[in-house]
Amino acid sequence: MRILIFSASTGGGHKRAAMALREYIQTNSPENDVKIVDGLELSGKFYNNFICRGYTILAKKMPRFYGKLYRNSDRKSVLNDFCSKVNKSKSKHLLPAINEFKPDVIISCHAFITTMLGDLKTKNKLSAQIIALVTDFASHYTYIAEGIDHYIVSSQKMVDDFKTRYNIDREHVHPLGIPVFQKFAVKADRNELANQLGLKENTKTVLFMAGSFGVNEVLKVYKDIAEKAKDCQFVVITGNNRILYNKFKFKINSNTRLLMFVDNVEDYMHCSDIIITKPGGLTVSESLRCNLPMAIYSAFPGQEADNAKFLVDIGVALMLKKHPGDTINLLLNDAQRLNAMRENCERNCAGNSAKLILELAYSLTEKN
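Sequential numbering of the sequence shown, starting at 0, is according to numbering that gives the first Met the number 0.
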(Lines of atoms letter the chains of each structure in order from A and count residues from 1; the text may use other names and numbers.)
(Lines give C-alpha, C1' and ligand atoms only; values in the text may rest on other atoms or scores of the structure.)
Protein backbone atom coordinates (compact mmCIF):
# COMPACT_ATOMS: atom_id res chain seq x y z
CA MET A 1 0.00 0.00 0.00
CA ARG A 2 1.22 3.49 -0.85
CA ILE A 3 0.31 6.22 1.64
CA LEU A 4 0.86 9.92 0.89
CA ILE A 5 0.63 12.27 3.88
CA PHE A 6 0.12 15.99 3.33
CA SER A 7 1.31 18.25 6.14
CA ALA A 8 1.96 21.98 6.67
CA SER A 9 4.21 24.28 8.69
CA THR A 10 1.51 26.31 10.45
CA GLY A 11 2.82 25.41 13.89
CA GLY A 12 4.63 22.19 14.72
CA GLY A 13 1.61 20.00 15.43
CA HIS A 14 0.67 19.13 11.85
CA LYS A 15 4.22 18.07 11.01
CA ARG A 16 4.70 16.06 14.21
CA ALA A 17 1.45 14.16 13.65
CA ALA A 18 2.53 13.32 10.09
CA MET A 19 6.00 12.25 11.21
CA ALA A 20 4.63 10.11 14.05
CA LEU A 21 2.33 8.31 11.62
CA ARG A 22 5.16 7.74 9.16
CA GLU A 23 7.40 6.45 11.96
CA TYR A 24 4.87 3.83 12.99
CA ILE A 25 4.24 2.63 9.44
CA GLN A 26 7.92 2.41 8.54
CA THR A 27 8.76 0.60 11.78
CA ASN A 28 5.87 -1.84 11.94
CA SER A 29 4.80 -2.26 8.30
CA PRO A 30 7.91 -1.63 6.17
CA GLU A 31 6.24 -3.32 3.20
CA ASN A 32 4.13 -0.16 2.85
CA ASP A 33 5.52 2.91 1.12
CA VAL A 34 4.82 6.16 2.97
CA LYS A 35 5.82 9.72 2.12
CA ILE A 36 5.24 13.17 3.70
CA VAL A 37 4.79 16.27 1.53
CA ASP A 38 4.22 19.85 2.66
CA GLY A 39 1.02 20.70 0.82
CA LEU A 40 1.06 24.44 1.50
CA GLU A 41 4.64 24.64 0.27
CA LEU A 42 3.54 23.06 -3.01
CA SER A 43 0.80 25.67 -3.27
CA GLY A 44 3.35 28.41 -3.87
CA LYS A 45 5.92 30.35 -1.87
CA PHE A 46 3.74 33.43 -1.40
CA TYR A 47 0.66 31.48 -0.26
CA ASN A 48 2.68 29.26 2.05
CA ASN A 49 4.37 32.24 3.72
CA PHE A 50 1.10 34.16 3.91
CA ILE A 51 -0.71 31.32 5.71
CA CYS A 52 2.14 30.24 7.99
CA ARG A 53 3.32 33.69 9.00
CA GLY A 54 -0.18 35.10 9.02
CA TYR A 55 -1.30 32.49 11.54
CA THR A 56 1.65 33.26 13.82
CA ILE A 57 1.15 37.02 13.66
CA LEU A 58 -2.61 36.88 14.21
CA ALA A 59 -2.50 34.31 17.02
CA LYS A 60 0.34 35.95 18.95
CA LYS A 61 0.00 39.65 18.13
CA MET A 62 -3.76 39.97 17.60
CA PRO A 63 -5.33 37.03 19.47
CA ARG A 64 -8.76 38.62 19.92
CA PHE A 65 -9.05 39.41 16.24
CA TYR A 66 -7.88 35.89 15.39
CA GLY A 67 -10.47 34.48 17.78
CA LYS A 68 -13.24 36.42 16.04
CA LEU A 69 -12.10 35.18 12.64
CA TYR A 70 -12.00 31.62 13.96
CA ARG A 71 -15.53 31.84 15.39
CA ASN A 72 -16.95 33.53 12.30
CA SER A 73 -15.46 30.86 10.05
CA ASP A 74 -17.06 28.02 12.03
CA ARG A 75 -20.14 28.13 9.82
CA LYS A 76 -21.11 28.71 6.23
CA SER A 77 -20.26 32.36 5.60
CA VAL A 78 -18.78 34.79 3.10
CA LEU A 79 -15.39 34.41 4.80
CA ASN A 80 -15.53 30.63 4.61
CA ASP A 81 -16.68 30.65 1.00
CA PHE A 82 -13.79 32.95 0.08
CA CYS A 83 -11.19 30.77 1.87
CA SER A 84 -12.63 27.66 0.25
CA LYS A 85 -12.43 29.20 -3.24
CA VAL A 86 -8.82 30.26 -2.70
CA ASN A 87 -7.82 26.80 -1.50
CA LYS A 88 -9.62 25.10 -4.36
CA SER A 89 -7.77 27.34 -6.80
CA LYS A 90 -4.52 25.96 -5.34
CA SER A 91 -5.53 22.30 -5.55
CA LYS A 92 -3.90 21.79 -8.96
CA HIS A 93 -0.48 22.34 -7.35
CA LEU A 94 -0.87 19.07 -5.42
CA LEU A 95 -1.42 16.95 -8.51
CA PRO A 96 2.23 16.50 -9.63
CA ALA A 97 3.20 15.04 -6.23
CA ILE A 98 0.12 12.81 -6.23
CA ASN A 99 0.59 11.57 -9.79
CA GLU A 100 4.27 10.87 -9.20
CA PHE A 101 3.72 8.87 -6.00
CA LYS A 102 0.47 7.15 -7.10
CA PRO A 103 -0.94 6.65 -3.58
CA ASP A 104 -3.66 4.24 -2.57
CA VAL A 105 -4.50 6.41 0.44
CA ILE A 106 -3.95 10.13 1.04
CA ILE A 107 -3.98 11.55 4.57
CA SER A 108 -4.33 15.30 5.10
CA CYS A 109 -3.09 16.87 8.35
CA HIS A 110 -4.26 20.42 7.61
CA ALA A 111 -7.74 21.83 6.97
CA PHE A 112 -6.75 23.93 3.93
CA ILE A 113 -5.06 20.96 2.26
CA THR A 114 -8.17 18.90 3.02
CA THR A 115 -10.21 21.41 0.98
CA MET A 116 -7.73 21.14 -1.91
CA LEU A 117 -7.86 17.34 -1.90
CA GLY A 118 -11.64 17.31 -1.72
CA ASP A 119 -11.77 19.59 -4.75
CA LEU A 120 -9.55 17.21 -6.74
CA LYS A 121 -11.67 14.23 -5.70
CA THR A 122 -14.97 15.85 -6.71
CA LYS A 123 -13.46 16.75 -10.09
CA ASN A 124 -12.40 13.09 -10.58
CA LYS A 125 -8.73 14.05 -10.74
CA LEU A 126 -7.72 11.44 -8.19
CA SER A 127 -9.12 8.10 -7.10
CA ALA A 128 -7.22 7.41 -3.89
CA GLN A 129 -9.09 7.22 -0.61
CA ILE A 130 -8.78 10.54 1.27
CA ILE A 131 -8.58 10.66 5.06
CA ALA A 132 -8.65 14.03 6.84
CA LEU A 133 -6.90 14.07 10.22
CA VAL A 134 -8.15 16.74 12.65
CA THR A 135 -5.24 17.73 14.90
CA ASP A 136 -7.33 19.49 17.56
CA PHE A 137 -9.84 18.41 20.19
CA ALA A 138 -12.83 20.37 18.88
CA SER A 139 -14.60 20.38 15.53
CA HIS A 140 -14.60 23.32 13.14
CA TYR A 141 -16.29 24.02 9.83
CA THR A 142 -13.02 24.54 7.94
CA TYR A 143 -12.20 20.83 8.36
CA ILE A 144 -15.28 19.86 6.35
CA ALA A 145 -14.90 19.44 2.59
CA GLU A 146 -16.88 17.73 -0.12
CA GLY A 147 -15.04 14.75 -1.56
CA ILE A 148 -13.38 13.60 1.68
CA ASP A 149 -13.96 9.91 2.33
CA HIS A 150 -13.20 9.70 6.05
CA TYR A 151 -12.29 11.90 9.01
CA ILE A 152 -10.16 11.03 12.03
CA VAL A 153 -11.00 12.92 15.23
CA SER A 154 -9.96 12.83 18.87
CA SER A 155 -13.14 11.85 20.69
CA GLN A 156 -16.65 10.46 20.40
CA LYS A 157 -17.97 13.95 21.13
CA MET A 158 -16.38 15.15 17.89
CA VAL A 159 -18.02 12.27 16.02
CA ASP A 160 -21.37 13.50 17.34
CA ASP A 161 -20.52 17.11 16.46
CA PHE A 162 -19.65 16.16 12.89
CA LYS A 163 -23.09 14.59 12.55
CA THR A 164 -25.21 17.21 14.32
CA ARG A 165 -23.35 20.32 13.16
CA TYR A 166 -22.07 19.34 9.71
CA ASN A 167 -24.27 16.37 8.74
CA ILE A 168 -21.32 14.01 8.22
CA ASP A 169 -22.41 10.39 8.69
CA ARG A 170 -20.92 8.77 11.79
CA GLU A 171 -19.61 5.83 9.76
CA HIS A 172 -17.23 8.24 8.04
CA VAL A 173 -15.87 9.78 11.26
CA HIS A 174 -13.49 7.75 13.43
CA PRO A 175 -12.41 8.69 17.00
CA LEU A 176 -8.88 7.29 16.61
CA GLY A 177 -6.97 10.19 18.16
CA ILE A 178 -3.93 12.17 17.04
CA PRO A 179 -0.76 10.16 16.24
CA VAL A 180 2.23 10.66 18.55
CA PHE A 181 5.67 9.09 18.42
CA GLN A 182 5.79 5.58 19.90
CA LYS A 183 8.37 6.59 22.50
CA PHE A 184 5.66 8.44 24.46
CA ALA A 185 4.01 5.09 25.21
CA VAL A 186 7.21 3.42 26.46
CA LYS A 187 7.44 3.87 30.22
CA ALA A 188 10.54 3.16 32.28
CA ASP A 189 10.92 3.03 36.06
CA ARG A 190 10.43 6.65 37.16
CA ASN A 191 13.26 6.81 39.70
CA GLU A 192 15.68 5.09 37.35
CA LEU A 193 14.72 7.52 34.59
CA ALA A 194 15.05 10.51 36.93
CA ASN A 195 18.53 9.36 37.87
CA GLN A 196 19.52 9.09 34.21
CA LEU A 197 18.27 12.63 33.59
CA GLY A 198 20.10 14.04 36.60
CA LEU A 199 16.88 14.75 38.49
CA LYS A 200 16.10 13.95 42.11
CA GLU A 201 14.37 10.65 42.79
CA ASN A 202 11.10 10.47 44.78
CA THR A 203 10.53 14.19 44.27
CA LYS A 204 7.45 15.97 42.94
CA THR A 205 8.31 17.33 39.51
CA VAL A 206 6.70 20.15 37.54
CA LEU A 207 7.44 20.35 33.81
CA PHE A 208 7.15 23.65 31.91
CA MET A 209 6.81 23.47 28.13
CA ALA A 210 7.54 27.14 27.74
CA GLY A 211 8.66 27.79 24.18
CA SER A 212 5.36 29.16 22.86
CA PHE A 213 4.61 31.36 25.87
CA GLY A 214 5.08 35.09 25.94
CA VAL A 215 8.37 35.80 27.72
CA ASN A 216 7.01 37.93 30.54
CA GLU A 217 3.96 35.74 31.06
CA VAL A 218 5.76 32.47 31.59
CA LEU A 219 8.40 34.04 33.83
CA LYS A 220 5.67 35.36 36.09
CA VAL A 221 3.93 31.98 36.21
CA TYR A 222 7.16 30.12 36.89
CA LYS A 223 8.19 32.53 39.66
CA ASP A 224 4.86 32.23 41.48
CA ILE A 225 4.80 28.42 41.27
CA ALA A 226 8.47 28.04 42.23
CA GLU A 227 7.92 30.19 45.32
CA LYS A 228 4.78 28.45 46.55
CA ALA A 229 5.13 24.80 45.44
CA LYS A 230 7.43 23.51 48.17
CA ASP A 231 9.66 20.42 48.07
CA CYS A 232 9.44 20.30 44.27
CA GLN A 233 11.83 20.28 41.37
CA PHE A 234 11.17 22.02 38.08
CA VAL A 235 12.12 21.33 34.47
CA VAL A 236 11.74 24.24 32.04
CA ILE A 237 12.03 23.47 28.31
CA THR A 238 12.09 26.56 26.11
CA GLY A 239 12.48 24.79 22.77
CA ASN A 240 14.11 27.03 20.17
CA ASN A 241 13.06 30.21 21.99
CA ARG A 242 16.54 31.65 22.69
CA ILE A 243 15.16 34.92 24.11
CA LEU A 244 13.11 33.04 26.67
CA TYR A 245 16.02 30.78 27.58
CA ASN A 246 18.30 33.77 28.20
CA LYS A 247 15.65 35.45 30.35
CA PHE A 248 15.20 32.32 32.42
CA LYS A 249 18.93 31.95 33.08
CA PHE A 250 18.77 34.76 35.62
CA LYS A 251 15.45 33.78 37.21
CA ILE A 252 15.62 30.06 37.99
CA ASN A 253 16.17 28.67 41.47
CA SER A 254 18.49 25.83 42.46
CA ASN A 255 15.71 23.24 42.04
CA THR A 256 15.19 24.02 38.35
CA ARG A 257 16.68 22.37 35.27
CA LEU A 258 16.63 24.80 32.32
CA LEU A 259 16.81 23.31 28.82
CA MET A 260 16.39 24.46 25.26
CA PHE A 261 15.32 22.03 22.53
CA VAL A 262 15.49 18.37 23.60
CA ASP A 263 14.77 15.23 21.59
CA ASN A 264 13.67 13.19 24.64
CA VAL A 265 10.82 15.29 25.99
CA GLU A 266 8.94 12.04 26.63
CA ASP A 267 11.46 11.13 29.35
CA TYR A 268 10.77 14.37 31.18
CA MET A 269 7.03 13.80 30.80
CA HIS A 270 7.32 10.31 32.30
CA CYS A 271 9.25 11.79 35.25
CA SER A 272 6.77 14.59 35.96
CA ASP A 273 3.64 14.92 38.08
CA ILE A 274 2.12 17.76 36.05
CA ILE A 275 2.92 19.77 32.92
CA ILE A 276 2.42 23.54 32.62
CA THR A 277 1.67 24.17 28.95
CA LYS A 278 -0.51 25.69 26.28
CA PRO A 279 -3.18 23.38 24.82
CA GLY A 280 -1.74 22.67 21.38
CA GLY A 281 -3.15 19.47 19.89
CA LEU A 282 0.13 17.53 19.76
CA THR A 283 1.47 18.50 23.19
CA VAL A 284 -1.89 17.54 24.64
CA SER A 285 -1.90 14.21 22.81
CA GLU A 286 1.62 13.44 24.01
CA SER A 287 0.67 14.32 27.59
CA LEU A 288 -2.40 12.08 27.41
CA ARG A 289 -0.25 9.22 26.10
CA CYS A 290 2.06 9.71 29.10
CA ASN A 291 -0.94 9.93 31.50
CA LEU A 292 0.37 13.33 32.57
CA PRO A 293 -2.12 15.84 34.07
CA MET A 294 -2.03 19.31 32.54
CA ALA A 295 -2.23 22.86 33.89
CA ILE A 296 -3.03 25.38 31.17
CA TYR A 297 -1.82 28.89 31.70
CA SER A 298 -3.21 30.55 28.59
CA ALA A 299 -4.89 29.61 25.33
CA PHE A 300 -5.20 31.59 22.15
CA PRO A 301 -8.84 32.36 21.28
CA GLY A 302 -9.86 29.76 18.74
CA GLN A 303 -8.76 26.15 18.63
CA GLU A 304 -6.58 26.43 21.74
CA ALA A 305 -9.47 27.81 23.78
CA ASP A 306 -11.70 24.99 22.49
CA ASN A 307 -9.01 22.42 23.31
CA ALA A 308 -8.66 23.82 26.83
CA LYS A 309 -12.39 23.65 27.50
CA PHE A 310 -12.55 20.05 26.31
CA LEU A 311 -9.60 19.01 28.48
CA VAL A 312 -11.02 20.64 31.59
CA ASP A 313 -14.44 19.08 30.92
CA ILE A 314 -13.00 15.54 30.78
CA GLY A 315 -10.94 16.07 33.93
CA VAL A 316 -7.39 15.86 32.59
CA ALA A 317 -6.47 19.54 32.95
CA LEU A 318 -7.13 22.67 34.95
CA MET A 319 -6.88 26.32 34.01
CA LEU A 320 -4.40 28.53 35.86
CA LYS A 321 -5.72 32.00 36.60
CA LYS A 322 -4.63 34.24 39.45
CA HIS A 323 -2.14 32.86 41.95
CA PRO A 324 -1.05 29.82 39.88
CA GLY A 325 1.43 28.81 42.60
CA ASP A 326 -1.35 28.24 45.11
CA THR A 327 -3.30 26.14 42.58
CA ILE A 328 -0.32 23.93 41.71
CA ASN A 329 0.74 23.54 45.34
CA LEU A 330 -2.76 22.37 46.32
CA LEU A 331 -2.91 19.94 43.40
CA LEU A 332 0.51 18.42 44.09
CA ASN A 333 -0.55 17.77 47.69
CA ASP A 334 -3.85 16.21 46.66
CA ALA A 335 -2.84 12.66 45.69
CA GLN A 336 -6.43 11.57 45.14
CA ARG A 337 -7.13 14.33 42.61
CA LEU A 338 -3.83 13.80 40.79
CA ASN A 339 -4.51 10.07 40.48
CA ALA A 340 -8.00 10.79 39.19
CA MET A 341 -6.54 13.11 36.52
CA ARG A 342 -4.03 10.43 35.50
CA GLU A 343 -6.82 7.87 35.21
CA ASN A 344 -8.83 10.32 33.10
CA CYS A 345 -5.80 10.79 30.83
CA GLU A 346 -5.60 7.04 30.29
CA ARG A 347 -9.35 6.74 29.79
CA ASN A 348 -9.46 9.52 27.19
CA CYS A 349 -6.35 8.53 25.27
CA ALA A 350 -7.28 6.76 22.04
CA GLY A 351 -4.30 4.44 22.46
CA ASN A 352 -2.00 3.73 19.56
CA SER A 353 -3.57 6.16 17.11
CA ALA A 354 -1.06 5.50 14.33
CA LYS A 355 -1.78 1.77 14.46
CA LEU A 356 -5.53 2.39 14.31
CA ILE A 357 -5.15 4.77 11.36
CA LEU A 358 -3.07 2.23 9.46
CA GLU A 359 -5.74 -0.42 10.10
CA LEU A 360 -8.38 1.99 8.75
CA ALA A 361 -6.26 2.58 5.64
CA TYR A 362 -6.00 -1.19 5.09
CA SER A 363 -9.76 -1.63 5.39
CA LEU A 364 -10.46 1.21 2.96
CA THR A 365 -8.11 -0.14 0.28
CA GLU A 366 -9.58 -3.63 0.63
CA LYS A 367 -13.10 -2.27 0.14
CA ASN A 368 -11.99 -0.07 -2.71
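By construction, the Cβ of each residue, glycine as well, lies at the ideal position given by its N, Cα and C atoms.
Quick caveat: nothing in here was measured; it's all calculated off a predicted structure.
Kindly list the residues whose CB is nearer than 7 angstroms to the CB of Met-340, restricted to its own chain and excluding five residues on each side of it in sequence; keep chain order. Translated into positions along the sequence shown, residue 340 becomes position 341. Closer than 7 angstroms at the Cβ level, and outside the excluded window around Met-340, lie Pro-292, Gly-314, Val-315.
Should Phe-161 and Arg-288 be called a contact, given that it needs their Cβ atoms to be closer than 8 angstroms? By 1-based counting over the sequence shown, the position of residue 161 is 162. By 1-based counting over the sequence shown, the position of residue 288 is 289. Against a cut-off of 8 angstroms, the Cβ pair of Arg-288 and Phe-161 comes out as no contact.
Quick check on this structure: which residue in Lys-248, Leu-337, Lys-354, Leu-258 has the alpha carbon closest to the alpha carbon of Asn-290? Sequence index remark: in the sequence shown, residue 290 carries index 291 (1-based). Cα-wise, what sits closest to Asn-290 is Leu-337.
So does the segment 218–237 actually touch the segment 200–210, counting three or more Cβ pairs closer than 8 angstroms? yes
Are the beta-carbon atoms of Ala-228 and Met-0 separated by less than 8 angstroms? Position 229 of the sequence shown, counted from the start, is the residue given in the question as residue 228. Position 1 of the sequence shown, counted from the start, is the residue given in the question as residue 0. Cβ atoms of Ala-228 and Met-0: not closer than 8 angstroms.
Tell me the residue span of the alpha helix (DSSP H) that contains Arg-169. Looking up residue 169 in the sequence shown gives position 170. Secondary structure note for Arg-169: it is in no alpha helix (DSSP H), with a DSSP letter that is neither H nor E.
Rounded to the nearest angstrom, how far is the Cβ of Ile-295 from that of Thr-326, given a contact under 8 angstroms? Residue numbering aside, residue 295 sits at position 296 when the sequence shown is read from its first letter. Residue numbering aside, residue 326 sits at position 327 when the sequence shown is read from its first letter. Not a contact, Cβ separation roughly 11 angstroms.
Check each candidate in Thr-113, His-149, Gly-11, Asp-159 and name the one with the smallest Cα separation from Thr-364. Locating residue 364 in the sequence shown gives position 365, counting from the first residue. The shortest C-alpha separation from Thr-364 is found at His-149.
Among Thr-134, Gly-117, Phe-136, which residue has its Cα nearest to the Cα of Gln-128? Position 129 of the sequence shown holds residue 128. Nearest C-alpha to Gln-128: Gly-117.
Just tell me which of Lys-248, Lys-186, Pro-178, Leu-310 has its CA closest to the CA of Glu-403. Summary: the structure shown does not reach residue 403, with the chain confined to residues 0 through 367, and so no result is reported for it.
Does the distance from the C-beta atom of Leu-192 to that of Asp-272 stay below 8 angstroms? Taking the sequence shown and counting its residues from 1, the one referred to as residue 192 is at position 193. Taking the sequence shown and counting its residues from 1, the one referred to as residue 272 is at position 273. The criterion of a C-beta distance shorter than 8 angstroms is not satisfied by Leu-192 and Asp-272.
Quick one, which of Val-179, Asp-37, Ile-151, Gly-176 has its alpha-carbon nearest Arg-169's? Translated into positions along the sequence shown, residue 169 becomes position 170. For the residues Val-179, Asp-37, Ile-151, Gly-176, the minimum Cα distance to Arg-169 belongs to Ile-151.
Provide the residue span of the alpha helix (DSSP H) that contains Met-268, from first to last. Position 269 of the sequence shown holds residue 268. Element bounds for Met-268: 264–269.
Closer than 8 angstroms is the cut-off here; do at least three beta carbon pairs connect the segment 340–356 with the segment 172–181? yes
Is it buried or exposed, Pro-29, if we count other Cβ atoms within 10 angstroms and call 16 or more buried? Within the sequence shown, residue 29 is the residue found at index 30, counting from 1. Looking at its Cβ environment, which holds fewer than 16 other Cβ atoms inside 10 Å, Pro-29 is exposed.
Candidates Gln-155, Gly-146, Ser-107: which alpha carbon is nearest Ser-8's? Indexing the sequence shown from 1 puts residue 8 at position 9. Nearest option by C-alpha distance: Ser-107.
CA nearest to the CA of Phe-249, picked from Asn-166, Asp-262, Lys-222: Looking up residue 249 in the sequence shown gives position 250. Nearest C-alpha to Phe-249: Lys-222.
Residue burial classification, Asp-135 (beta-carbon count within 10 angstroms, cutoff 16): Taking the first residue of the sequence shown as position 1, residue 135 is located at position 136. Under this definition Asp-135 is a buried residue.
Between the CA atoms of Ser-6 and Asn-306 - distance to the nearest angstrom: Position 307 of the sequence shown, counting from 1, holds the residue named residue 306. Position 7 of the sequence shown, counting from 1, holds the residue named residue 6. Answer to the nearest angstrom: the Cα atoms are 20 angstroms apart.
Cys-51 to His-269, Cα distance in whole Å? Locating residue 51 in the sequence shown gives position 52, counting from the first residue. Locating residue 269 in the sequence shown gives position 270, counting from the first residue. Cys-51 and His-269: Cα-Cα distance of roughly 32 angstroms.
Tell me the rounded alpha-carbon separation between Arg-256 and Asn-240. For the purposes of this step, residue 256 is identified with residue 257 of the sequence shown, where counting begins at 1. For the purposes of this step, residue 240 is identified with residue 241 of the sequence shown, where counting begins at 1. Answer to the nearest angstrom: the Cα atoms are 16 angstroms apart.
Mapping DSSP to helix, strand and coil, what is Lys-34? As a working note, residue 34 is residue 35 in the sequence shown. Of the three classes helix, strand and coil, the one that applies to Lys-34 here is strand, per DSSP.
Starting from the C-beta of Lys-67, find all residues in its chain whose C-beta is less than 8 angstroms away, skip the five residues before and the five after it, and write them out in chain order. For the purposes of this step, residue 67 is taken as residue 68 along the sequence shown, with counting starting at 1. Cβ within range, chain order: Pro-300.
Is the distance from the Cβ of Cys-231 to the Cβ of Asn-254 below 8 angstroms? For the purposes of this step, residue 231 is identified with residue 232 of the sequence shown, where counting begins at 1. For the purposes of this step, residue 254 is identified with residue 255 of the sequence shown, where counting begins at 1. Cβ distance < 8 angstroms, so Cys-231 and Asn-254 count as in contact.
Does DSSP put Tyr-150 in a helix, in a strand, or in coil? Locating residue 150 in the sequence shown gives position 151, where the first residue counts as 1. Note: Tyr-150 maps to strand in three-state DSSP.
In three-state terms, what does DSSP make of Val-283? Translated into positions along the sequence shown, residue 283 becomes position 284. Three-state DSSP puts Val-283 in a helix.
Within the same chain, show all residues whose beta-carbon is closer than 7 angstroms to that of Thr-113, passing over the 5 residues directly before and after it, in chain order. Reading the sequence shown from its first residue, position 114 is the one you call residue 113. Taken in chain order, the residues that qualify are Ser-107, Ala-131, Tyr-142, Ala-144, Ile-147.
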